[in-house]
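Residue numbers (the working numbering): 1 to 55. C-beta: ideal position from N, C-alpha, C; glycine also. What you are looking at is a predicted structure, and each value in this text was computed from that prediction instead of being measured.
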């Protein structure tokens, strides 16, 4: 069983959103909406991790 660190995941997603040009003030709104859509949240997290590996 894995321990989920939600704050670390949100920081990863926030860094990714910054990298793709999303305004900082929109990050919390997007993160809040993602919490209601687990599949969407996971897609953003996967994209953030993929982008981090490329850089």
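Nearest-angstrom Cβ-Cβ length linking residue i and residue j, presumed shorter than 8 Å
i: residue 44; j: residue 16; result: 7 Å
i: residue 13; j: residue 31; result: 7 Å
Whole-angstrom distance between residue j and residue i, CA atom to CA atom
i: residue 25; j: residue 11; result: 14 Å
i: residue 7; j: residue 38; result: 15 Å
i: residue 18; j: residue 5; result: 20 Å
i: residue 52; j: residue 46; result: 10 Å
i: residue 36; j: residue 29; result: 12 Å
i: residue 9; j: residue 48; result: 9 Å
Residue range of the unbroken alpha helix (DSSP H) whose run includes residue i
i: residue 29; result: 24-35
i: residue 14; result: 6-19
i: residue 55; result: Neither: residue 55 is in no alpha helix (DSSP H) and is coded neither H nor E.
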